[in-house]
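Engineer:
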Amino acid sequence: MPLAGRLPFVLPDLAWADNALEPFISARTIRLHHGKHHRGYVEAANRLAVQAGLAQHPADDIWRQAAADPALSVLANAAGQAWNHALFWNSLSPEPEPPAPALARRIARDFGGLRELQAAFILAASAQFGSGWVWLVERGGTLAVERTANADAPELRGIRCLLTIDVWEHAYYLDYENRRGDFVEAVFTRLLNWRFAESRLDA
Ligand SMILES: [Fe+2]
6 MPLAGRLPFV LPDLAWADNA LEPFISARTI RLHHGKHHRG YVEAANRLAV
56 QAGLAQHPAD DIWRQAAADP ALSVLANAAG QAWNHALFWN SLSPEPEPPA
106 PALARRIARD FGGLRELQAA FILAASAQFG SGWVWLVERG GTLAVERTAN
156 ADAPELRGIR CLLTIDVWEH AYYLDYENRR GDFVEAVFTR LLNWRFAESR
206 LDA
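So, in structure tokens, the structure goes:
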């Protein structure tokens, strides 16, 4: 059934080429992850939003409303995955620069330094049983690392998410097989977009 009018959930274009993150994330993984997985979540969220009579609302409102209603859990999961993946793509840069001084000072204050923050990310990724996400968040003026399962995100609880790494197997299995920690270390040290984190802090 063709869906008339504008749909609330949109698959964002990537800011870089499919192969721009190689050798840390392959073009094949990006094409599958963005073109199949993320696209599938966006399409499911739109279909379910139409079925629920919510398609006239903004995507973020649909996500929050569905997450608060157990009867809309399937929509909440699709909408959450649409949002989480958009944040993930923004969290990656083929030419990352280190955190600017203001953010570097906050990382030093709240973690001890970038190395300690990296260790916290890898620890959270390995502690996350099954599928999920690891996040750098700002909570009450303090930076923290959080992890969530499946499609959940701290943003739903009013906690500002600055960066995320997807630790679903589809994010890394083609390139790293079962070595989730190696994937997270590579993304953290070679691809994280600190400019984006700073823009989220300033927003
Ligand atoms: Fe993913």
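Residues in the sequence shown are numbered consecutively from 6, following our numbering.
No residue lacks a Cβ here, since even glycine has one placed at the ideal position from N, Cα and C.
Note that the coordinates shown come from a computational prediction; the quantities given were computed from them, not determined experimentally.
(1) Return the CA-CA distance between residue 28 and residue 165, expressed in angstroms with no decimal places.
(2) Just mark residue 85 as buried or exposed, buried being the case when its beta carbon has 16 or more other beta carbons within 10 Å.
(3) Where residue 52 and residue 81 are concerned, what is the direct C-alpha to C-alpha distance, given to the nearest angstrom?
(4) Taking the CB atoms as reference points, tell me whether residue 5 and residue 191 lie closer together than 8 Å.
(5) Work out the CA separation of residue 197 and residue 181 for me, nearest whole Å.
(6) Determine the burial state of residue 154: buried for a count of at least 16 other Cβ atoms within 10 Å of its Cβ, exposed for fewer.
(7) Using 8 Å as the Cβ pair cut-off and three pairs as the minimum, do the segment 167–183 and the segment 25–40 touch?
(8) How many Å lie between residue 102 and residue 93 at the Cα?
Structural biologist: In terms of the structure at hand:
(1) 30 Å
(2) Within a 10 Å sphere around the beta-carbon of residue 85 sit 16 or more other beta-carbons, which makes this residue buried.
(3) 12 Å
(4) Within the shown structure, residues of the chain are numbered from 6 to 208, placing residue 5 beyond reach of any answer.
(5) 18 Å
(6) exposed
(7) yes
(8) 17 Å
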